[in-house]
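Position in the sequence shown (first residue = 1) + 5 = the numbering used here. For every residue, glycine included, the Cβ atom is placed at its ideal position computed from N, Cα and C. Structure first, commentary second.
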Amino acid sequence: MTLEEEIQKRRTFAIIAHPDAGKTTLTEKLLLFGGAIQTAGAVKSNKIDTATKSDWMEIEKQRGISVATSVMGFEYKDIKINLLDTPGHQDFAEDTYRTLTAVDSVIMVIDCVKGVEIQTEKLMEVCRMRNTPVICFINKLDREGRDPYELLDEVETKLGIQVRPLSWPIGMGKGFKGVYNLYDQKLNLFTPSQRKLKDDRQEFENLEDPELDKLIGVNNANQLREDVDLIEGVYPDFDVNEYLDGKIAPVFFGSAVNNFGVNEMLDTFIKIAPAPKSRKTDVREVMPDEPKFSGFIFKIHANMDPNHRNRIAFLRICSGKFERNKPYTHVGGPKPLRFSNVTQFMAQDKEIIDEAFPGDIVGLYDTGNLKIGDTLTEGENMQFIGIPSFSPEIFREVINKDAMKTKQLEKGLKQLMEEGVAQLFTFDMGSRKVVGTVGQLQFEVIQFRLKNEYNATAEFAPMNLYKACWISSKDKKQLDEFIRSKNRYIARDKDGKVVFMAETKSWLQMVQDNYPEIEFHFTSEY
Ligand code: G4P
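Put into structure tokens, the structure is as follows:
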């Protein structure tokens, strides 16, 4: 197969959802359709059990298990699908944000009873930053949910993206009869079943066909006719390019657990979802069909066992062919790297592979050379961009409790930050070190790992901080002046970028008003 054919064959995406909306269930059904698994229940939820929520060791263990399912590859109708898993626990939201930098599109699952929830809003913000194409799956139609029109409105207003239903539900909950596929005008009748994989859709060229009344009852048929008229009148024709530009999200309705509406979405997905796209670097845009390999690291998973300090770095291939044992340039690194242990993930299995293509995700065994955001190339000196850090939500000052182990503490902190466990900010004044995270759990994780893996003892003192804002200005003099006058609140991130540490929301607002020429950013890339 040519490189171009390999590229066109691939679809790399992630499913995003608020916990409990049905991400694991949908993943499992997709794998069943892809023939990658044979039985329901084979996919382990990466949702953290509430019973073990406070026990981070248990959580890390579960996360460890989920390495194997971090990427699930399967084939469906000659398309190679790479489905990237995203952590369910919100304390690991940073992981999810970074995973989204490695995909070409996203399927968003929304619970029809609960509507758009907070985690979905945050994830969608990340998608919008990158104009990632989104397909929306409104799930659990077998339950008495909210009115479909209301749900669509909520998606538009809360998620800031226009929607275009491509299927429409007939009834809901106990009265749920099925969905009508507006895209290819087929009716799919509902029979609750967890195993149903066969395609038993019925086609209706004309909704006026009296057969429809017999099938779903006169009331339902009339309602459907009315709804379809309304939708076709209100929504413009579906334009696939608008979807690809991230401007319009096609919407499907269904019930993942009953395997209903999944098949239609998957069929449409392989037709419209983008194959691997070009990616920006600091010097130029890289096309996937360029013959030379390039890729970036978006996730590092450490081994929790201190006797095996190896890590798995997840590489997204952006161009060319990646080959095992070939030396590649580690941009910004001291020496070229070659990888003999390259893993690809197929459903629940891992296998050592010799080559991989754009869109593929491979796991590289690493002994500490790689960090998140690193670029590998076949010689060219360029760095992929768009793998930002987001402002953490909880900040604590690092207190070294063993002065004899200062070096170990610094090394440990550096390596853990490279893995993306949390972010480190160092204040200009007094070199105070502050760790920022999106959840409480990480502090326990860091403390434990510092002790066990680096023999360093640290404590974390609470700090009154609201946000870390990366600052910039067109006017360098003004920026320097700002840094001087706000010296007490200025810190550096891991790359040495200047960050303003705002104590409260209202104070930040005041500072923003007082310094209109300074721009405040909540992500490290702007
Ligand atoms: P998540 O990964 O997004 O967190 O959600 P997950 O798939 O684990 O689903 C959360 C719960 O919602 C599960 O129930 C699952 O069975 C249920 N669910 C998923 N899809 C549907 C659907 O279409 N209709 C209905 N009625 N329920 C659905 P659970 O009780 O938490 O777990 P389980 O014991 O059923 O596995």
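Three-state secondary structure (DSSP) at residue i?
i	result
Leu194	strand
Asp485	helix
Ala73	Its pLDDT being 49, under 50, Ala73 is placed unreliably by the model, and nothing is read from it.
Met468	coil
Ser490	helix
Cys117	coil
Lys58	Summary for Lys58: the model assigns pLDDT 48, below 50, so the residue's position carries little reliability, and this model does not support an answer.
Asp480	coil
Asp152	coil
Leu89	strand
Asn519	helix
Val403	strand
Arg497	strand
Leu429	strand
Ile53	Only weak support is given to the placement of Ile53: the predicted model assigns it a pLDDT of 48, under 50, and the value that follows is read from those uncertain coordinates. Here Ile53 sits in coil by DSSP.
Gly135	In the sequence as presented, Gly is not what sits at residue 135; that position holds Arg. Coil at Arg135, not helix or strand.
Thr411	helix
Lys285	strand
Sort the options by Cα distance to residue i and report the nearest one.
i	options	result
Phe465	Lys85, Lys438 and Asp485	Lys438
Leu455	Phe350, Leu37 and Lys419	Lys419
Lys376	Ile317, Phe432 and Lys355	Ile317
Arg284	Asn492, Leu484 and Phe301	Phe301
Pro393	Thr104, Thr334 and Thr509	Thr104
Asp371	Thr348, Glu360, Asn87 and Val450	Thr348
Glu295	His306, Gly325 and Ile305	Gly325
Val504	Leu484, Asp518 and Met515	Leu484
Asn193	Leu157, Ser511, Gly266 and Gln228	Gly266
Lys502	Arg133, Thr196 and Phe525	Phe525
Thr30	Phe142, Asp109, Thr101 and Lys85	Phe142
Ser477	Ser529, Ser511 and Asn405	Ser529
Glu147	Gly183, Glu159, Ile123 and Leu414	Per the sequence presented here, residue 147 reads as Asp, with Glu not at that position. Cα-wise, what sits closest to Asp147 is Gly183.
Lys491	Asp500, Leu470, Ala507 and Lys499	Ala507
His306	Leu35, Thr32, Gln445 and Leu421	Leu421
Ile495	Arg15, Phe327, Ala473 and Asn144	Ala473
Go to residue i, then tell me how far its beta strand (DSSP E) extends in each direction, as first and last residue.
i	result
Ala19	Arg15 to Ala22
Cys323	Arg316 to Ser324
Lys34	Segment Lys28 to Phe38 is the alpha helix (DSSP H) holding Lys34; no beta strand (DSSP E) there.
Ala226	Element bounds for Ala226: not the beta strand (DSSP E) but the alpha helix (DSSP H), Val223 to Val239.
Arg169	Gln167 to Pro170
Thr442	Lys438 to Thr442
What are the start and end residues of the alpha helix (DSSP H) that includes residue i?
i	result
Gln452	Leu446 to Tyr459
Val245	Val245 to Leu249
Met270	Val267 to Ile277
Do residue i and residue j have their CB atoms nearer than 9 Å?
i	j	result
Glu240	Ile277	Looking at the sequence shown, residue 240 is not Glu but Tyr. No.
Met113	Ile236	no
Val223	Trp173	no
Gly391	Ala280	no
Val256	Gly27	no
Asp433	Ile523	no
Asn225	Gly178	no
Ser188	Leu171	Inspection of the sequence shows that residue 188 is occupied by Tyr rather than by Ser. Yes.
Leu157	Thr125	no
Thr17	Ser75	no
Glu398	Thr431	no
What separation, rounded to the nearest whole angstrom, lies between the Cα atoms of residue i and residue j?
i	j	result
Lys191	Lys127	34 Å
Met129	Thr106	12 Å
Ala427	Glu213	59 Å
Leu220	Arg321	48 Å
Phe274	Ile140	8 Å
Arg169	Gly251	12 Å
Trp475	Glu161	29 Å
Thr57	Ala98	The predicted model places Thr57 with a pLDDT of 47, which falls under 50 and marks its position as unreliable, so this point remains unresolved.
Glu402	Val440	6 Å
Glu458	Ile366	28 Å
Arg539	Met77	Residue 539 is absent from the structure shown; the chain starts at 6 and stops at 531.
Asp83	Glu290	29 Å
Gln207	Arg135	38 Å
His335	Asp90	26 Å
Leu521	Phe527	Looking at the sequence shown, residue 521 is not Leu but Pro. If I take the Cα positions, the gap works out to 16 Å.
Leu369	Phe79	20 Å
Ile53	Asp480	For Ile53, the predicted structure reports a pLDDT of 48, less than 50, and the residue's modelled location is therefore unreliable. A value from the coordinates is still provided. Taking the straight line from one Cα to the other gives about 47 Å.
Gly337	Gly259	47 Å
Asp25	Gln167	24 Å
Pro339	Val118	53 Å
Ser59	Glu383	Low confidence applies here, because Ser59 scores a pLDDT of 49, under 50, leaving its location unreliable; read the following figure in that light. Roughly 45 Å between the two C-alpha positions.
Gln517	Gly378	30 Å
Lys510	Lys282	38 Å
Phe38	Arg15	17 Å
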